[in-house]
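In full-length UniProt numbering, the protein residues as written are 1 to 265.
Using N, Cα and C, we set each Cβ at its ideal position, and we do this for glycine too.
Remember, it's a predicted structure, so these values are computed and weren't measured experimentally.
Encoded as C-alpha cells, the structure appears first; notes follow it.
So, in C-alpha cells, the structure goes:
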C-alpha cells in the first residue's frame, strides 16, 4: 500500500507527468509515430507552463479549500479582567487533529521533526483548546506509518501537546490509522456524544465531510494549511515552484476523492 501511495504521489506531480510525456515523446520519435511524438513533447511543455501559473493553481484549489462550511476560522481567545481565559461560547466537546508527518530520522531539534502541515494542525488544535478554557478534549490519531515503524504518530502528538502545557487527562490518543479513512474510523468508533471540531488541511475538507457523515450535524471543520487565498484574479506570472506544489496538492486530493466515490470504504 505504501508503494502504491508513493506512485500516486509521484504521478500527481506536474513535473513527473511532464517528464513522463517527454519520455514517451522521445521514444516515439524513433518510430513512425512522429506526429504522436510531437504531441506528447508539446503537451509536456504546455502542461508544465500551465501548472506553474499561480492562477491555474488557485483554480484547482478553490473548490477544495473555499467552498465549505467551517466552524469559523478566527475563533477568539477571550480573557477576563484577571487575565484568565474564558470559555468561548462556540467551543466544542472534542477537537480531533489529524496526523500529517513526523520525521524520525536524522539529527535535528524536536520542533524541526514536525512537518509544516503537522505544526499548523497541532497549533490550531491547541488554540481551540485554549479558547475552550480547557473544557474540550483533544483527540490525536495516527499509527505507525512513519519511517521508524515502532514510533506511533499519535503518541508523539501527545508529547507535543504536553510540552505546551495541555494536561495528560485532556488528551485522548488513538494510535490507529495509516491514512485519513482509518483515522476517522478510529474516532467514530470512540465517539459517544457531543460536538467535534476537526482540524486538518484545507484541501481535505470535502473528503473529511464524506467520511464523517455518520456523526451528522455534530461535526465542524477548522481548516489550516491553505495553499491558496481564495482570490480568483486572472493573471499571467513567471513560472512558480509554489504553484507546481499547490497543483500537486490539488491533484492528489482529487484523486483521493475519485477513489472514495468509485471504491466506497
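- Annotation for residue 125: 95, 97, 138, 199 place their beta carbon closer than 6 Å to its own, counting only its chain and skipping 5 residues before and after.
- Taken atom to atom, the span from the alpha-carbon of residue 104 to that of residue 151 is near 8 Å.
- In this structure, 42 is the residue among 12, 8, 42 with its C-alpha nearest to the C-alpha of residue 24.
- Contact fails between the segment 240-248 and the segment 207-225, because fewer than three Cβ pairs, one in each stretch, are under 8 Å apart.
- With 16 or more other Cβ atoms from the protein chains shown falling within 10 Å of its own Cβ, residue 197 counts as buried.
- C-alpha of residue 176 to C-alpha of residue 58: approximately 33 Å in a straight line.
- DSSP links residue 222 through a beta bridge to 199.
- Setting aside the 5 residues that flank it on each side, residue 100 is surrounded in the same chain by 115, 117, 118, 121, each with a C-beta closer than 7 Å to its C-beta; the list follows chain order.
- Annotation for residue 164: 126 place their beta carbon closer than 6 Å to its own, counting only its chain and skipping 5 residues before and after.
- Annotated three-state conformation of residue 66 is coil, per DSSP.
- Nearest to residue 102 by C-alpha distance, out of 55, 133, 155, 68, is 155.
- Look at residue 137 here: in three-state DSSP terms it is strand.
- Relative to the Cα of residue 11, the nearest Cα in the group 262, 264, 255 belongs to 255.
- With contacts defined by Cβ atoms closer than 8 Å, residue 45 and residue 28 do not form a contacting pair.
- Residue 15 carries a helical assignment under DSSP once its states are collapsed to helix, strand and coil.
- Assignment of residue 22 by DSSP, reduced to helix, strand and coil, places it in the helix class.
- Across the set 265, 253, 263, 258, the C-alpha of 253 shows the shortest separation from the C-alpha of residue 62.
- Rounded to whole angstroms, the gap between the alpha carbons of residue 111 and residue 186 is 27 Å.
- Burial state of residue 19 is exposed, judged by a 10 Å Cβ sphere holding fewer than 16 other Cβ atoms.
- The DSSP-derived three-state label of residue 158 is helix.
- For residue 94, the uninterrupted beta strand (DSSP E) segment begins and ends at 94-97.
- Residue state for residue 191 is assigned as coil, using DSSP reduced to three classes.
- For residue 48, the uninterrupted alpha helix (DSSP H) segment begins and ends at 34-51.
- A buried status is given to residue 60, since no fewer than 16 other beta-carbon atoms sit within 10 Å of its beta-carbon.
- Rounded to whole angstroms, residue 261 and residue 31 show a C-alpha spacing of 39 Å.
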